[in-house]
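Chemist: Quick note on numbering: the numbering used here labels position 116 of the sequence shown as 127, and the sequence is numbered without any gaps.
This is the structure I want to talk about, given as C-alpha coordinates.
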Amino acid sequence: VEENNFGIRKRLLEYDDVMNSQREVIYKRRRHALYGERLQVDIANMFYDTCESIVAEYLPAKDFGAFQLELARIFTMESPFSQEEFEKGSQLELVERLYDIVLKSYGEKNLRIAEMAKPVISNVFENQSDKFENIVVPFTDGSKGIQVVTNLKKAHQTDCRQLIRDFEKNIVLAIIDDSWKEHLRDMDDLRQSVQGAVYEQKDPLLIYKFEAFELFQAMRDKSNREIVSFLFKGQLPNQESGQVQRAQAPKRSNYDNLQTNHPEAVTSGGGGGSAQEPQAPPKAQPIVKDKAKSYGRNDVVVIQNLNTGEKKEMKYKKAQPMVEAQGWIIVD
(Lines of atoms letter the chains of each structure in order from A; the text may use other names.)
(Lines give C-alpha, C1' and ligand atoms only; values in the text may rest on other atoms or scores of the structure.)
Protein backbone atom coordinates (compact mmCIF):
# COMPACT_ATOMS: atom_id res chain seq x y z
CA VAL A 12 0.00 0.00 0.00
CA GLU A 13 2.79 2.42 0.94
CA GLU A 14 4.62 1.65 -2.28
CA ASN A 15 1.45 2.29 -4.27
CA ASN A 16 0.82 5.58 -2.45
CA PHE A 17 4.43 6.62 -3.03
CA GLY A 18 4.01 5.99 -6.74
CA ILE A 19 0.83 8.08 -6.83
CA ARG A 20 2.50 10.98 -5.00
CA LYS A 21 5.52 10.80 -7.29
CA ARG A 22 3.24 10.88 -10.33
CA LEU A 23 1.40 13.94 -8.98
CA LEU A 24 4.70 15.72 -8.40
CA GLU A 25 5.70 15.08 -12.01
CA TYR A 26 2.49 16.79 -13.13
CA ASP A 27 3.20 19.66 -10.73
CA ASP A 28 6.74 20.05 -12.10
CA VAL A 29 5.28 20.98 -15.49
CA MET A 30 3.21 23.77 -13.92
CA ASN A 31 6.10 24.95 -11.74
CA SER A 32 8.40 25.44 -14.74
CA GLN A 33 5.72 27.52 -16.47
CA ARG A 34 4.98 29.44 -13.27
CA GLU A 35 8.64 30.45 -12.93
CA VAL A 36 8.63 31.99 -16.42
CA ILE A 37 5.42 33.96 -15.80
CA TYR A 38 6.38 35.13 -12.31
CA LYS A 39 9.76 36.29 -13.57
CA ARG A 40 8.10 38.45 -16.24
CA ARG A 41 5.66 39.73 -13.65
CA ARG A 42 8.46 40.73 -11.26
CA HIS A 43 10.21 42.59 -14.07
CA ALA A 44 7.04 44.58 -14.68
CA LEU A 45 6.19 45.13 -11.02
CA TYR A 46 9.60 46.40 -9.96
CA GLY A 47 10.74 47.84 -13.29
CA GLU A 48 13.57 45.31 -13.65
CA ARG A 49 14.27 44.69 -17.33
CA LEU A 50 10.74 45.78 -18.27
CA GLN A 51 12.02 47.66 -21.30
CA VAL A 52 13.98 44.60 -22.39
CA ASP A 53 10.91 42.40 -21.96
CA ILE A 54 8.80 44.81 -24.03
CA ALA A 55 11.42 44.89 -26.79
CA ASN A 56 11.45 41.07 -26.75
CA MET A 57 7.64 41.05 -27.03
CA PHE A 58 7.89 43.32 -30.06
CA TYR A 59 10.43 41.01 -31.70
CA ASP A 60 8.53 37.82 -30.84
CA THR A 61 5.30 39.32 -32.19
CA CYS A 62 6.99 40.40 -35.42
CA GLU A 63 8.48 36.93 -35.79
CA SER A 64 5.14 35.25 -35.06
CA ILE A 65 3.24 37.36 -37.61
CA VAL A 66 5.80 36.84 -40.37
CA ALA A 67 6.00 33.10 -39.65
CA GLU A 68 2.21 32.83 -39.78
CA TYR A 69 1.66 34.49 -43.16
CA LEU A 70 4.92 34.15 -45.11
CA PRO A 71 4.70 30.40 -45.95
CA ALA A 72 1.34 30.91 -47.68
CA LYS A 73 2.46 34.26 -49.19
CA ASP A 74 -0.73 35.76 -47.74
CA PHE A 75 0.22 39.43 -48.02
CA GLY A 76 -3.35 40.68 -47.52
CA ALA A 77 -3.76 38.92 -44.18
CA PHE A 78 -0.27 40.09 -43.19
CA GLN A 79 -1.28 43.71 -43.82
CA LEU A 80 -4.47 43.31 -41.78
CA GLU A 81 -2.59 41.82 -38.83
CA LEU A 82 -0.05 44.65 -38.84
CA ALA A 83 -2.90 47.16 -38.80
CA ARG A 84 -4.64 45.29 -35.97
CA ILE A 85 -1.58 44.89 -33.74
CA PHE A 86 0.74 47.79 -34.60
CA THR A 87 -1.78 50.21 -36.19
CA MET A 88 0.57 50.61 -39.14
CA GLU A 89 0.72 49.79 -42.84
CA SER A 90 3.07 47.16 -44.19
CA PRO A 91 6.58 48.56 -44.68
CA PHE A 92 7.08 46.02 -47.50
CA SER A 93 5.57 45.78 -50.93
CA GLN A 94 3.91 42.51 -51.87
CA GLU A 95 6.91 41.57 -54.00
CA GLU A 96 9.34 42.25 -51.15
CA PHE A 97 7.19 40.21 -48.78
CA GLU A 98 6.91 37.20 -51.07
CA LYS A 99 10.59 37.14 -52.07
CA GLY A 100 12.20 38.12 -48.76
CA SER A 101 13.59 35.66 -46.24
CA GLN A 102 11.82 35.29 -42.92
CA LEU A 103 14.79 36.57 -40.89
CA GLU A 104 15.25 39.63 -43.11
CA LEU A 105 11.55 40.54 -42.94
CA VAL A 106 11.44 40.10 -39.16
CA GLU A 107 14.52 42.28 -38.61
CA ARG A 108 13.23 45.08 -40.85
CA LEU A 109 9.76 44.96 -39.34
CA TYR A 110 11.14 44.99 -35.78
CA ASP A 111 13.30 48.08 -36.43
CA ILE A 112 10.32 49.98 -37.87
CA VAL A 113 8.00 48.87 -35.05
CA LEU A 114 10.49 49.95 -32.38
CA LYS A 115 10.93 53.37 -34.00
CA SER A 116 7.16 53.81 -34.37
CA TYR A 117 6.59 52.96 -30.70
CA GLY A 118 9.18 55.52 -29.58
CA GLU A 119 7.53 58.22 -31.68
CA LYS A 120 4.10 57.32 -30.28
CA ASN A 121 5.39 57.65 -26.71
CA LEU A 122 6.83 61.08 -27.48
CA ARG A 123 3.42 62.21 -28.75
CA ILE A 124 1.74 61.00 -25.57
CA ALA A 125 4.34 62.74 -23.40
CA GLU A 126 3.82 66.02 -25.26
CA MET A 127 0.05 65.67 -24.91
CA ALA A 128 0.21 64.93 -21.17
CA LYS A 129 2.87 67.49 -20.28
CA PRO A 130 0.54 70.55 -20.05
CA VAL A 131 -1.88 68.68 -17.77
CA ILE A 132 0.88 67.32 -15.52
CA SER A 133 2.63 70.69 -15.34
CA ASN A 134 -0.60 72.51 -14.49
CA VAL A 135 -1.45 70.12 -11.66
CA PHE A 136 2.12 70.17 -10.32
CA GLU A 137 2.42 73.96 -10.35
CA ASN A 138 -1.01 74.65 -8.85
CA GLN A 139 -1.90 71.62 -6.71
CA SER A 140 1.31 69.74 -5.86
CA ASP A 141 0.73 70.55 -2.18
CA LYS A 142 -2.52 68.54 -2.32
CA PHE A 143 -1.64 65.57 -4.49
CA GLU A 144 1.25 63.15 -4.47
CA ASN A 145 -0.09 60.71 -7.08
CA ILE A 146 -2.51 61.31 -9.94
CA VAL A 147 -4.60 58.97 -12.07
CA VAL A 148 -4.30 59.38 -15.83
CA PRO A 149 -6.79 57.55 -18.10
CA PHE A 150 -5.63 55.62 -21.17
CA THR A 151 -7.85 53.97 -23.77
CA ASP A 152 -7.33 51.81 -26.83
CA GLY A 153 -10.77 52.74 -28.17
CA SER A 154 -12.62 49.80 -26.65
CA LYS A 155 -11.09 49.31 -23.21
CA GLY A 156 -9.68 51.80 -20.76
CA ILE A 157 -7.37 51.76 -17.77
CA GLN A 158 -6.49 54.39 -15.21
CA VAL A 159 -2.75 54.63 -14.60
CA VAL A 160 -1.42 55.87 -11.27
CA THR A 161 1.79 57.88 -11.51
CA ASN A 162 3.80 60.01 -9.12
CA LEU A 163 3.08 63.66 -9.87
CA LYS A 164 6.55 64.97 -9.05
CA LYS A 165 8.39 62.26 -11.01
CA ALA A 166 6.08 62.65 -14.00
CA HIS A 167 6.74 66.41 -14.04
CA GLN A 168 10.52 66.10 -13.56
CA THR A 169 10.91 63.44 -16.28
CA ASP A 170 8.73 65.23 -18.86
CA CYS A 171 6.11 62.46 -18.51
CA ARG A 172 8.53 59.59 -19.20
CA GLN A 173 7.57 58.21 -15.78
CA LEU A 174 3.93 58.25 -16.86
CA ILE A 175 4.80 56.14 -19.92
CA ARG A 176 6.73 53.65 -17.75
CA ASP A 177 3.78 53.35 -15.35
CA PHE A 178 1.41 52.85 -18.30
CA GLU A 179 3.60 50.03 -19.62
CA LYS A 180 3.81 48.44 -16.17
CA ASN A 181 0.04 48.49 -15.65
CA ILE A 182 -0.75 47.01 -19.06
CA VAL A 183 1.85 44.25 -18.83
CA LEU A 184 0.73 43.25 -15.33
CA ALA A 185 -2.99 43.30 -16.18
CA ILE A 186 -2.68 41.17 -19.31
CA ILE A 187 -0.15 38.73 -17.85
CA ASP A 188 -2.40 38.13 -14.83
CA ASP A 189 -5.51 37.64 -16.94
CA SER A 190 -3.75 35.34 -19.43
CA TRP A 191 -2.21 33.27 -16.64
CA LYS A 192 -5.56 32.74 -14.88
CA GLU A 193 -7.13 31.57 -18.14
CA HIS A 194 -4.13 29.32 -18.79
CA LEU A 195 -4.50 27.67 -15.36
CA ARG A 196 -8.08 26.75 -16.20
CA ASP A 197 -6.95 25.28 -19.53
CA MET A 198 -4.24 23.27 -17.77
CA ASP A 199 -6.77 21.84 -15.31
CA ASP A 200 -8.96 20.76 -18.22
CA LEU A 201 -5.96 19.24 -19.98
CA ARG A 202 -4.92 17.30 -16.90
CA GLN A 203 -8.35 15.71 -16.72
CA SER A 204 -8.62 14.97 -20.43
CA VAL A 205 -5.26 13.18 -20.80
CA GLN A 206 -6.21 10.53 -18.24
CA GLY A 207 -8.18 8.74 -20.92
CA ALA A 208 -4.92 8.04 -22.78
CA VAL A 209 -4.32 4.96 -20.60
CA TYR A 210 -7.11 3.21 -22.51
CA GLU A 211 -5.07 3.73 -25.69
CA GLN A 212 -1.97 2.32 -23.95
CA LYS A 213 -0.31 5.73 -23.99
CA ASP A 214 1.43 7.57 -21.17
CA PRO A 215 -0.87 10.39 -19.92
CA LEU A 216 2.08 12.28 -18.40
CA LEU A 217 3.97 12.33 -21.68
CA ILE A 218 0.92 13.62 -23.54
CA TYR A 219 0.32 16.15 -20.76
CA LYS A 220 3.86 17.53 -21.06
CA PHE A 221 3.61 17.88 -24.83
CA GLU A 222 0.16 19.47 -24.81
CA ALA A 223 1.09 21.74 -21.87
CA PHE A 224 4.06 23.09 -23.80
CA GLU A 225 1.85 23.82 -26.80
CA LEU A 226 -0.73 25.55 -24.58
CA PHE A 227 1.96 27.63 -22.88
CA GLN A 228 3.46 28.76 -26.17
CA ALA A 229 0.02 29.72 -27.48
CA MET A 230 -0.75 31.62 -24.26
CA ARG A 231 2.52 33.57 -24.45
CA ASP A 232 1.99 34.44 -28.10
CA LYS A 233 -1.59 35.58 -27.43
CA SER A 234 -0.62 37.66 -24.38
CA ASN A 235 2.32 39.21 -26.27
CA ARG A 236 0.01 40.32 -29.06
CA GLU A 237 -2.53 41.72 -26.60
CA ILE A 238 0.15 43.66 -24.70
CA VAL A 239 1.77 45.01 -27.86
CA SER A 240 -1.61 45.94 -29.32
CA PHE A 241 -2.64 47.93 -26.23
CA LEU A 242 0.77 49.62 -25.98
CA PHE A 243 0.44 50.82 -29.58
CA LYS A 244 -3.25 51.74 -29.43
CA GLY A 245 -3.29 53.20 -25.92
CA GLN A 246 -3.85 56.95 -26.07
CA LEU A 247 -4.74 59.78 -23.73
CA PRO A 248 -8.28 61.09 -24.19
CA ASN A 249 -8.51 64.84 -24.81
CA GLN A 250 -8.21 66.42 -21.40
CA GLU A 251 -8.96 69.81 -19.97
CA SER A 252 -6.07 70.76 -17.72
CA GLY A 253 -8.16 73.07 -15.59
CA GLN A 254 -10.59 70.41 -14.38
CA VAL A 255 -8.79 67.97 -12.12
CA GLN A 256 -10.89 66.10 -9.56
CA ARG A 257 -10.27 63.77 -6.67
CA ALA A 258 -10.57 60.11 -7.62
CA GLN A 259 -12.49 57.59 -5.55
CA ALA A 260 -10.97 54.23 -4.70
CA PRO A 261 -11.38 51.97 -7.75
CA LYS A 262 -13.58 48.91 -7.83
CA ARG A 263 -12.31 45.44 -8.63
CA SER A 264 -11.53 44.91 -12.31
CA ASN A 265 -9.65 42.59 -14.67
CA TYR A 266 -8.27 42.86 -18.17
CA ASP A 267 -11.49 41.76 -19.86
CA ASN A 268 -13.09 44.67 -18.07
CA LEU A 269 -10.15 46.93 -17.15
CA GLN A 270 -12.32 50.03 -17.09
CA THR A 271 -15.48 50.82 -18.95
CA ASN A 272 -14.98 53.69 -21.35
CA HIS A 273 -18.31 55.24 -20.36
CA PRO A 274 -17.39 58.71 -19.09
CA GLU A 275 -19.36 58.54 -15.85
CA ALA A 276 -17.56 55.35 -14.85
CA VAL A 277 -14.09 56.58 -15.73
CA THR A 278 -14.38 59.86 -13.88
CA SER A 279 -15.60 58.07 -10.78
CA GLY A 280 -12.67 55.67 -10.86
CA GLY A 281 -14.87 52.57 -11.27
CA GLY A 282 -14.75 49.74 -13.73
CA GLY A 283 -17.85 47.71 -13.20
CA GLY A 284 -19.67 47.46 -16.54
CA SER A 285 -18.72 45.95 -19.85
CA ALA A 286 -16.43 47.89 -22.16
CA GLN A 287 -18.21 50.46 -24.32
CA GLU A 288 -17.26 52.94 -27.00
CA PRO A 289 -15.91 56.20 -25.58
CA GLN A 290 -18.66 58.81 -25.20
CA ALA A 291 -16.72 61.76 -23.83
CA PRO A 292 -13.14 62.47 -22.78
CA PRO A 293 -12.49 61.67 -19.11
CA LYS A 294 -10.39 63.96 -16.97
CA ALA A 295 -7.06 63.25 -15.28
CA GLN A 296 -7.83 62.67 -11.61
CA PRO A 297 -5.56 62.66 -8.57
CA ILE A 298 -5.72 59.81 -6.10
CA VAL A 299 -7.11 60.77 -2.71
CA LYS A 300 -4.07 61.09 -0.48
CA ASP A 301 -3.94 63.62 2.32
CA LYS A 302 -0.30 64.63 2.54
CA ALA A 303 -0.93 66.66 5.69
CA LYS A 304 -1.99 63.59 7.66
CA SER A 305 0.81 61.55 9.21
CA TYR A 306 0.74 58.08 10.68
CA GLY A 307 2.71 56.48 13.46
CA ARG A 308 4.60 53.31 12.65
CA ASN A 309 2.19 51.21 14.69
CA ASP A 310 -1.01 52.97 13.60
CA VAL A 311 -3.49 50.58 11.97
CA VAL A 312 -4.49 51.68 8.45
CA VAL A 313 -6.61 50.22 5.64
CA ILE A 314 -4.99 50.06 2.20
CA GLN A 315 -6.54 49.19 -1.16
CA ASN A 316 -5.00 47.69 -4.29
CA LEU A 317 -5.55 49.98 -7.28
CA ASN A 318 -5.72 47.12 -9.79
CA THR A 319 -7.85 44.55 -7.95
CA GLY A 320 -9.71 46.61 -5.35
CA GLU A 321 -8.48 44.24 -2.60
CA LYS A 322 -8.39 45.82 0.88
CA LYS A 323 -6.02 44.96 3.73
CA GLU A 324 -5.77 46.18 7.31
CA MET A 325 -2.26 46.38 8.76
CA LYS A 326 0.15 48.57 10.66
CA TYR A 327 1.53 51.61 8.84
CA LYS A 328 5.11 50.34 9.01
CA LYS A 329 4.08 47.35 6.86
CA ALA A 330 1.78 49.36 4.61
CA GLN A 331 4.31 52.11 3.81
CA PRO A 332 6.47 50.07 1.34
CA MET A 333 3.35 48.88 -0.48
CA VAL A 334 2.01 52.45 -0.79
CA GLU A 335 5.37 53.80 -1.97
CA ALA A 336 5.44 51.13 -4.70
CA GLN A 337 2.33 52.88 -6.11
CA GLY A 338 0.26 49.72 -6.26
CA TRP A 339 -1.72 50.54 -3.09
CA ILE A 340 -3.31 53.59 -1.46
CA ILE A 341 -4.39 54.35 2.09
CA VAL A 342 -8.18 54.61 2.21
CA ASP A 343 -8.69 54.82 5.98
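Backbone N, C-alpha and C fix where the C-beta goes; we use that ideal spot for every residue, glycine too.
Would DSSP call F150 helix, strand or coil?
Modeler: On the sequence shown, residue 150 is found 139 positions in, with the first residue counted as 1. In the structure shown, F150 sits in a strand (DSSP, three-state: E or B).
Chemist: Rounded C-beta distance between D208 and R172? I'm assuming under 8 Å.
Modeler: Taking the sequence shown and counting its residues from 1, the one referred to as residue 208 is at position 197. Taking the sequence shown and counting its residues from 1, the one referred to as residue 172 is at position 161. Residue 208 is actually Ala in this sequence, not Asp. Rounded, the Cβ-Cβ distance is 53 Å, inconsistent with contact.
Chemist: Taking C-alpha atoms, which residue in D310, M333, G245 lies nearest to K120?
Modeler: If you number the sequence shown from 1, residue 120 lands on position 109. Residue G245 is the option with its Cα nearest to K120.
Chemist: Tell me which residues share the same chain as A276 and place their Cβ nearer than 6 Å to its Cβ, disregarding the 5 neighbours each side in the sequence.
Modeler: Looking up residue 276 in the sequence shown gives position 265. Note that A276 has pLDDT 36, beneath the 50 cutoff, so the model's placement of it is unreliable and the number below is only indicative. Answer for A276: no residue qualifies.
Chemist: Looking only at DSSP bridge pairs, what is T61 linked to?
Modeler: Start at 1 with the first residue of the sequence shown, and residue 61 comes out as number 50. Paired residue(s): none; T61 is not in a bridge.
Chemist: From I238, Q33, H167, pick the residue whose C-alpha is nearest to that of K155; which is it?
Modeler: Residue 155 sits at position 144 when you count from the first residue of the sequence shown. If we check each option's Cα against that of K155, I238 comes out closest.
Chemist: Helix, strand or coil for G245? Go by DSSP, reduced to three states.
Modeler: The residue given as residue 245 occupies position 234 in the sequence shown. In the structure shown, G245 sits in coil (DSSP, three-state: anything other than H, G, I, E or B).
Chemist: Kindly indicate which three-state DSSP category E48 falls into: helix, strand or coil?
Modeler: Residue numbering aside, residue 48 sits at position 37 when the sequence shown is read from its first letter. Coil.
Chemist: Are there three or more Cβ pairs, one per stretch, closer than 8 Å when the stretch 169-183 is compared with the stretch 134-142?
Modeler: no
Chemist: Could you check whether I187 and I54 sit closer than 8 Å to each other, using their CB atoms as the reference points?
Modeler: Indexing the sequence shown from 1 puts residue 54 at position 43. Indexing the sequence shown from 1 puts residue 187 at position 176. In this structure, I187 does not lie closer than 8 Å to I54 by Cβ.
Chemist: Name the two residues that bound the continuous alpha helix (DSSP H) containing E119.
Modeler: Taking the sequence shown and counting its residues from 1, one reaches residue 119 at position 108. E119: member of the alpha helix (DSSP H) spanning 102-139, first to last residue.
Chemist: Could you tell me which residues DSSP puts in a beta bridge with K323?
Modeler: Looking up residue 323 in the sequence shown gives position 312. BP columns for K323 point to I314.
Chemist: Should the stretch 92-107 be regarded as contacting the stretch 223-230, the criterion being three or more beta carbon pairs within less than 8 Å?
Modeler: At 8 Å Cβ cutoff, the stretches do not touch.
Chemist: Roughly how many angstroms separate the alpha carbons of N181 and F241, rounded to a whole number?
Modeler: Here residue 181 refers to the residue found at position 170 of the sequence shown. Here residue 241 refers to the residue found at position 230 of the sequence shown. Going from the Cα of N181 to the Cα of F241 covers about 11 Å.
Chemist: If you count every other CB in all the chains shown that lies within 10 Å of the CB of P130, and 16 or more means buried, which is it?
Modeler: Indexing the sequence shown from 1 puts residue 130 at position 119. P130 should be labelled exposed.
Chemist: Can you tell me which of the three DSSP states G253 falls into?
Modeler: The residue labelled residue 253 in the question sits at position 242 within the sequence shown. Below a pLDDT of 50, predicted positions are generally treated as unreliable, and G253, at 38, falls in that range; no measurement from the model is reported.
Chemist: Which word fits S190, buried or exposed, when buried means at least 16 other C-beta atoms lie within 10 angstroms of its C-beta?
Modeler: Counted from its first residue, the sequence shown places residue 190 at position 179. Under this definition S190 is a buried residue.
Chemist: Could you tell me the boundaries of the alpha helix (DSSP H) in which Q173 lies?
Modeler: Within the sequence shown, the letter at position 162 stands for residue 173. Taken as a continuous stretch (DSSP letters only), the alpha helix (DSSP H) holding Q173 covers 172-204.
Chemist: Do you know how far the Cα of V160 is from the Cα of G76?
Modeler: Residue numbering aside, residue 76 sits at position 65 when the sequence shown is read from its first letter. Residue numbering aside, residue 160 sits at position 149 when the sequence shown is read from its first letter. Approximately 39 Å between the Cα atoms of the pair.
Chemist: Roughly how many whole angstroms lie between the Cα atoms of L195 and K322?
Modeler: Start at 1 with the first residue of the sequence shown, and residue 195 comes out as number 184. Start at 1 with the first residue of the sequence shown, and residue 322 comes out as number 311. Looking at the two C-alpha atoms, the distance is approximately 25 Å.
Chemist: CA-CA distance, P332 and D111?
Modeler: As a working mapping, residue 332 is identified with position 321 in the sequence shown. As a working mapping, residue 111 is identified with position 100 in the sequence shown. If I take the Cα positions, the gap works out to 38 Å.
Chemist: Taking DSSP as the reference, what is the three-state secondary structure of Q212?
Modeler: For the purposes of this step, residue 212 is taken as residue 201 along the sequence shown, with counting starting at 1. Looking at Q212 - three-state DSSP - the assignment turns out to be coil, as it is neither helix nor strand.
Chemist: With DSSP as the reference, identify every bridge partner of T161, one or two as the case may be.
Modeler: Here residue 161 refers to the residue found at position 150 of the sequence shown. T161 pairs with I146.
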